[in-house]
Every structure is written in structure tokens, then in C-alpha cells.
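Take a look at the structure set out below.
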Amino acid sequence: MTQVALMRCKEYDFEVLKDVVARGMTAAGFDLSSLNGLRVALKPNLLMPSNPDKCIVTHPVFFQTVASIVKDYGGHPVLIENPNFFSLENTLKKAGYGPIVEELGIEVADPVPTRPLHWEHAKLYRTIDISAVYFEADVILSLVKFKTHSYSYITGAVKHWFGTIPGLKKSRMHMRVPDQMDFADYLLDLYGGLKYGLGDGRKIFHIVDGVRSMEGEGPGPTGSPRDWGVVIAGEDAIAVDWVAVKTAGLDADKAYTLVQGFKRDFGPNSPEDIQVLGESIQDLACRFTPPKNTVYGGVVWPLTSKTVKNWLVEKPAPNPEKCVLCYQCMKTCPAEAISKPREGKKTPDFDYRKCIRCFCCMEICPEAAIGLKKGALQWLFSFK
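Take any residue in the sequence shown, note its place counting from 1, add 1096, and you have its number in my numbering.
Next up, the structure:
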């Protein structure tokens, strides 16, 4: 059985959270004493410079808690993260990490140099370039911020590893793998590579910051913060995500990393293989608002026609009342489908013939100025 600890924690109080996280890690089988003398990579979610109250980033107190536990047990914590477009220094400052990093003397690694990660049993990509500093760590602790996601339905323990890829290279992968099911398999290849391809003796472990989370049109500023009151810990990312999805009242069949993950041979094959320790899912269950439905990812017939896609699939649409023309959407778009405004327009121009519906623009917009607009004939499929 794959063990996952589900813990209750309703506030970002350092002492309370530290006790909960330590008990959760121990319950899920992590030997804290094994950290002594080891180089421990801490990988939070720092998508963009954002106030932690918006629930876009892993909360700084959550990071402080785990870093302190590592130091208490004799480990050397190293922060590693790859914001998509923004500088890591600015992101750390805006997210409230600066004073914590300075006070605890935490090393901040350079994530830019890359090194190929190879895993022979991958389905789509046997070799993926990731930040080279991960190869230097003895242990990697993944500090997940669980959120709903307009493209992948959730961003959880599996999707979190996408952040091991430097900067805008993440956006380019959406162009190479535009299909949602294939993208889930790509993420699972990446996770499998990290689990088995870093070398003998390296351990990865997941701790979910669910004290406050995000629902709706996440994972960026268009999502809505939500009190959740949970911490989840476990070695297996697929099992951790399943517990998170069920506790959040979301549909596991729409989380393709779970659908595909149960079919792979390196994790649980079904929910029956997962043992939940600590609190029960029923006691902490709630109902998150999911991202809006789409006909794009889960259909059994191919949507290869761009014309069909434009009529039947949601598209990102800029709001002229919020847009400040910072052009970060244009810079991050992997399909080069966004350009500067035409004469008389107040928002960037979107070429929906090129758009692959990855919603990176929506995810990265600091003003929450990009929303979803339904396809003109989407009502035919009764999607609300």
C-alpha cells in the first residue's frame, strides 16, 4: 500500500504548522533523522511575483516551516525554483521569502544551467532537460501549492515537477505537447525521471500546502483563494494528488495525471492501493469550484481542425478594463499567437488560429486581465 498522510491545519502559525508537517512526514514514512548531513533541495511553487494571500505561491511560512525542520535535523536546505517569466530574485521578494531566506541562511541555487534527465521507461520523452542543481541534492522536498488549473484541471504533486524546467522552456513544451492527455503523460515521464533517473540514493518527497488553496480559473491571478485547512504528505505524487482531489471534492477523471498515472507501473495502480493516514477524507472533505468545463481535452474524436477548435473550445480573451499592456502574455506565448494591439485597440491581439489553448497567458498575467470566452457553438455540447 502507498501511504499518504492527511493532516488538519487551519492557519499559517509557524509552531502549529511545524508540528503538523513533521507529524505528517513521519506518518507517511519519512525518517527525519535521515536528513542529517544531507543537501536537501526545497522546491516551492513560485510561479510569479505574488502576495502569498492570493494563494498563487507556496506560502512563505510553509517554506519556513519545512526549512526549519530540515535544519533541526542537521540537513542543509537549498531553495530551487524556476519562475516562468519573472526573475527569481523579484519573485522571492514579492512572495515574502526574502527575510526567511536571509534569517535561516538558506542557499538559493542558480536554476538556469541544465542537465539531461534520462529515464528509459518513459512513454513519450526519455530525456528531459531540467535544472542541473537537482542532481546535486541528496533529497528533494517538493512543497506543493495545490490549485485548480484551467488547462490541466489541477496543479498538484505531479504537475509541480514542471517547475524543474527553466523559465520559458516550460511554455515551449506546451507547443510540443498540445494535447492534454499527452501532456499528462509528459508530466508523468518527468516525474518518473526524477524518481528513478537522478541516481541511486536520492529521495523525493511531497508536502502539500493546503492551508489556503485556490479554486476556479487557477493557477494564476484569475483563480480564487480558498480556505482549505489541510496538509498532505507522501512519497508518491500520484497518491498525494488523488488524496488532494478527493478531499477537495473534484473529479479525479478530469485530472489526466491521475487517469494516466494509474496506468503506469511506477505508482499505485488504483485508489485501492492508497492508504490514507491521519485524518479521513470524509472528515476534511469540501467542494472546490472547478475550472470551467472544456470539450478540448477529454473528447474521443480528434479536434485537429483549427476552425472546429475556434467554434467549440474556450479561448483566452483579454479584458480592456484590466489590461495595462505589459505584454507578458505575448512574451510567454509558446505559439507566438499574441501580438501588440492593432490601431484603436486597448489589448494585445490574439490570433486564435495559432492559439493552442494552453492558457499560459492567462496563468502569467499579473493583472488577471485574461479570462475565458466560450466557443460560439459550445452550447451544443451543453457545457456550462
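All residues carry an ideal CB built from backbone N, CA and C; glycine is no exception. No experiment lies behind these values; they were computed from the predicted model shown.
**Message:** Would residue 1237 and residue 1202 be called neighbours here (beta carbons separated by less than 8 Å)?
**Reply:** Numbered from its first residue, the sequence shown carries residue 1237 at position 141. Numbered from its first residue, the sequence shown carries residue 1202 at position 106. Cβ distance not < 8 Å, so residue 1237 and residue 1202 don't count as in contact.
**Prompt:** Among residues of its own chain, excluding the 5 on either side of residue 1445, which ones have a beta-carbon nearer than 8 Å to its beta-carbon?
**Reply:** Taking the sequence shown and counting its residues from 1, the one referred to as residue 1445 is at position 349. Once the five neighbours on either side are set aside, the close Cβ partners of residue 1445 are 1434, 1435, 1436, 1437, 1438.
**Message:** Taking a contact to mean a Cβ-Cβ separation below 8 Å, would you say residue 1383 touches residue 1345 in this structure?
**Reply:** Looking up residue 1383 in the sequence shown gives position 287. Looking up residue 1345 in the sequence shown gives position 249. Taking 8 Å as the Cβ cut-off, residue 1383 and residue 1345 qualify as a contacting pair.
**Request:** Have a look at residue 1118 and residue 1156 and give me their C-alpha separation to the nearest angstrom.
**Result:** Position 22 of the sequence shown holds residue 1118. Position 60 of the sequence shown holds residue 1156. When rounded, the distance between both Cα atoms is 17 Å.
**Message:** Suppose contacts are defined by Cβ-Cβ distances below 8 Å. Is residue 1326 in contact with residue 1151 by that definition?
**Reply:** Position 230 of the sequence shown, counting from 1, holds the residue named residue 1326. Position 55 of the sequence shown, counting from 1, holds the residue named residue 1151. No; because the gap between Cβ atoms is not below 8 Å, this pair is not in contact.
**Request:** Might you give, ordered along the chain, the residues of its own chain that have their beta carbon closer than 6 Å to the beta carbon of residue 1279, omitting 5 neighbours on each side?
**Result:** The residue given as residue 1279 occupies position 183 in the sequence shown. Within the same chain, residue 1279 has close Cβ partners 1273.
**Request:** Starting from residue 1244, follow its DSSP beta bridges and name the residues at the other end.
**Result:** Residue mapping note: residue 1244 aligns to position 148 of the sequence shown, counting from 1. According to DSSP, residue 1244 bridges with 1250.
**Straight-line Cα distance separating residue 1410 from residue 1116** = By one-based count along the sequence shown, residue 1116 stands at place 20. By one-based count along the sequence shown, residue 1410 stands at place 314. Going by the C-alpha atoms only, they are around 40 Å apart.
**Message:** I'd like the list of long-range same chain contacts for residue 1312, defined as Cβ closer than 7 Å, with 5 residues on each side in sequence excluded.
**Reply:** If you number the sequence shown from 1, residue 1312 lands on position 216. The residues are 1244, 1319, 1320, 1385, 1387.
**Asked** Where do the N-terminal and C-terminal ends of the alpha helix (DSSP H) with residue 1517 fall, by residue?
**Response** A question about residue 1517 goes unanswered here, because the residues of the chain that appear run from 1097 up to 1480.
**Asked** Which ranges does the alpha helix (DSSP H) cover as unbroken runs of at least 4 residues, wholly within the segment 1335-1393, from first to last along the chain?
**Response** 1352-1357, 1377-1380
**Prompt:** In this structure, what does DSSP give as the bridge partners for residue 1413?
**Reply:** The count along the sequence shown starts at 1 and reaches residue 1413 at position 317. According to DSSP, residue 1413 bridges with 1467.
**Item:** Cut-off 6 Å between Cβ atoms - residues of its own chain near residue 1112, not counting five sequence neighbours on either side
**Value:** Locating residue 1112 in the sequence shown gives position 16, counting from the first residue. Result list for residue 1112: empty, nothing under 6 Å.
**Prompt:** How many angstroms separate the CA atom of residue 1428 from the CA atom of residue 1460?
**Reply:** The residue given as residue 1428 occupies position 332 in the sequence shown. The residue given as residue 1460 occupies position 364 in the sequence shown. Cα-Cα distance, rounded: 8 Å.
**Prompt:** Helix, strand or coil: which one does DSSP assign to residue 1156?
**Reply:** Counting from 1 along the sequence shown, the entry for residue 1156 is found at position 60. Residue 1156 falls in the helix class under three-state DSSP.
**Message:** Considering only their Cβ atoms, is the gap separating residue 1215 from residue 1289 smaller than 8 Å?
**Reply:** Within the sequence shown, the letter at position 193 stands for residue 1289. Within the sequence shown, the letter at position 119 stands for residue 1215. In this structure, residue 1215 lies closer than 8 Å to residue 1289 by Cβ.
**Asked** In whole angstroms, what is the alpha-carbon distance linking residue 1212 and residue 1431?
**Response** Here the question's residue 1212 lines up with position 116 in the sequence shown. Here the question's residue 1431 lines up with position 335 in the sequence shown. Distance between the alpha carbons of residue 1212 and residue 1431: 24 Å.
**Asked** Does the segment 1260-1275 come within contact of the segment 1152-1171, defined as at least 3 CB pairs closer than 8 Å?
**Response** no
**Asked** So what does DSSP say about residue 1311, is it helix, strand or coil?
**Response** On the sequence shown, position 215 is the one that residue 1311 refers to. Residue 1311: strand per DSSP, three-state reduction.
**Prompt:** Rounded to a whole number of angstroms, what is the C-alpha to C-alpha distance between residue 1124 and residue 1207?
**Reply:** Counting from 1 along the sequence shown, the entry for residue 1124 is found at position 28. Counting from 1 along the sequence shown, the entry for residue 1207 is found at position 111. Near 29 Å, if we compare the C-alpha coordinates of residue 1207 and residue 1124.
**Message:** Give me the DSSP bridge partner(s) of residue 1099.
**Reply:** In the sequence shown, counting from the first residue as 1, residue 1099 sits at position 3. For residue 1099, which the question treats as bridged, DSSP gives the partners 1371.
**Asked** Do you know whose CA, among 1317, 1234, 1256, 1323, lies nearest residue 1455's CA?
**Response** Residue 1455 sits at position 359 when you count from the first residue of the sequence shown. Nearest of 1317, 1234, 1256, 1323 to residue 1455, Cα basis: 1317.
**Asked** Hey, residue 1226 and residue 1196: beta-carbon distance below 8 Å or not?
**Response** Along the sequence shown, one-based indexing puts residue 1226 at 130. Along the sequence shown, one-based indexing puts residue 1196 at 100. Contact flag unset, no.
**Request:** Reducing DSSP to helix, strand and coil, say where residue 1330 ends up.
**Result:** Here the question's residue 1330 lines up with position 234 in the sequence shown. Correct three-state label for residue 1330: strand.
**Prompt:** How many whole angstroms separate the CB atoms of residue 1343 and residue 1377, which I take to be in contact at a CB cut-off of 8 Å?
**Reply:** Residue numbering aside, residue 1343 sits at position 247 when the sequence shown is read from its first letter. Residue numbering aside, residue 1377 sits at position 281 when the sequence shown is read from its first letter. Right, their Cβ atoms sit about 5 Å apart.
**Request:** Could you check the C-alpha separation between residue 1468 and residue 1412 for me, to the nearest Å?
**Result:** Here the question's residue 1468 lines up with position 372 in the sequence shown. Here the question's residue 1412 lines up with position 316 in the sequence shown. Residue 1468 and residue 1412: Cα-Cα distance of roughly 5 Å.
**Item:** Secondary structure of residue 1146, DSSP reduced to three states
**Value:** The residue you call residue 1146 lines up with position 50 of the sequence shown. In the structure shown, residue 1146 sits in coil (DSSP, three-state: anything other than H, G, I, E or B).
**Request:** Starting from the N-terminal side, write out each stretch of the alpha helix (DSSP H) that is 4 residues or longer and does not extend beyond the segment 1172-1213.
**Result:** 1184-1190, 1194-1200
**Message:** Just verifying my parser: in three-state terms, what is the DSSP assignment at residue 1116?
**Reply:** For the purposes of this step, residue 1116 is taken as residue 20 along the sequence shown, with counting starting at 1. Here residue 1116 sits in helix by DSSP.
**Message:** Looking only at its chain, what residues have a beta carbon closer than 6 Å to the beta carbon of residue 1348, apart from the 5 residues adjacent to it on each side?
**Reply:** For the purposes of this step, residue 1348 is identified with residue 252 of the sequence shown, where counting begins at 1. So the qualifying residues of the chain are 1341, 1354.
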